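Taking it in order: structure first as structure tokens, then the write-up.
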Ligand code: FAD
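Numbering (our numbering), first residue to last: 98 to 376.
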């Protein structure tokens with residue numbers, strides 16, 4: 098795959114039934130040999146156990162897996178223990194995030210304020226053992242004071258020791274190209290892999306996008322809304338739009354793609370097939 102990094106993201110299942118379903122999904126996705134699977138970490142550490150269980154099960158099955166670690170609301174001692182446990186288990190890659198507090202929780206507790214502090218802490222604790230991924234935002238993080246601040250804060254994470262970045266999902270390819278250009282102009286050379294969200298459920302996507310500040314362009318949003326409850330049409334149109342987005346990104350030398358699978362194999366594999374990526 099010409100040195101590009103293709104990866105798939107899961108969230109930890111909440112029930113044994115969900116875990117069973119996810120086993121079937123990762124078995125199917127493993128057939129296309131992604132560089133790694135990542136597993137999210139719930140807001141404020143709310144899925145700590147679930148993330149650990151899922152990561153360990155995949156790791157024992159011989160799959161390359163990268164746990165997400167978010168630092169908001171956690172202590173240095175808790176993070177140090179988790180790093181130690183992952184290191185003991187032989188896990189080599191992490192996605193390091195600030196995270197958000199769960200709704201209703203009091204903010205501010207914990208030893209870390211921003212992801213750059215977590216990255217620096219991981220490097221201080223574990224040297225070069227882990228490959229560290231951080232988040233990047235083509236359409237800017239919703240709490241950034243300005244685009245210039247957003248870039249400076251991204252560069253701060255890389256300077257703290259991140260090896261590469263994965264972006265928030267987006268449907269405006271130009272926003273991604275601008276981010277990469279700005280990062281390069283700021284002297285930041287790490288790979289910035291686009292995060293890709295397949296479109297399967299419009300209501301859910303609209304909710305997510307409002308929360309995380311990812312824009313669904315008007316021409317896509319109105320078209321999707323016009324399908325009403327017709328899931329088949331939403332999925333067919335979504336597949337066309339996201340395939341074209343990925344084609345543009347790869348044609349412009351994106352260093353890979355990170356798929357937000359939403360714990361489903363089919364939409365990601367269908368994109369994979371349409372893009373002609375190797376099976
Ligand atoms: P940061 O890089 O710390 O940035 C947060 C905000 O603070 C930004 O507005 C930034 O501009 C600003 N900022 C950063 N540093 C400074 C500083 N030193 N001084 C002042 N301002 C600063 N969330 C989860 O809870 N669990 C997950 O598993 C998870 N996985 C994700 C995976 C990816 C690929 C992405 C893109 C996001 C993920 N998120 C996850 C969401 C993420 O936690 C939120 O977007 C969160 O609000 C910001 O996290 P961050 O690591 O980008 O934070």
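Glycine included, every Cβ here is placed at the ideal spot set by N, Cα and C.
A quick note: this is a predicted structure, and the numbers were derived from the prediction, not measured.
Who are the Cβ neighbours of residue 177 in its own chain at under 7 angstroms, not counting the five residues just before and after it? 222
So residue 292 is in the beta strand (DSSP E); what residue range does that whole segment cover? 289-293
Do residue 106 and residue 273 have their C-beta atoms within less than 8 angstroms of each other? no
Among residues of its own chain, excluding the 5 on either side of residue 194, which ones have a beta-carbon nearer than 8 angstroms to its beta-carbon? 138, 165, 166, 167, 168, 212, 215, 231, 232
Just curious, the alpha helix (DSSP H) that residue 318 is in, first and last residue? Where residue 318 is concerned, the enclosing alpha helix (DSSP H) stretches over 315-323.
So who's on the other strand from residue 353, going by DSSP bridges? 102
Measure the CB-CB distance between residue 339 and residue 289 and report whether it falls below 8 angstroms. no
Could you say which of 309, 271, 123 lies nearest to residue 349 if we only look at CA atoms? 271
When the Cβ atoms of the stretch 303-317 are set against those of the stretch 278-287, are three or more pairs found closer than 8 angstroms? no
With the cut-off set at 8 angstroms, would you say residue 152 and residue 129 are in Cβ contact? Not closer than 8 angstroms, so no.
For residue 186, I'd like the list of residues in its chain whose CB is within less than 7 angstroms of its CB, leaving aside the five on either flank, ordered along the chain. Excluding sequence neighbours, residue 186 sits near 153, 156.
Residue 171 and residue 207 look like a contact to me (Cβ under 8 angstroms); what is the Cβ gap, rounded to whole Å? About 5 angstroms; that satisfies the 8 angstroms criterion.
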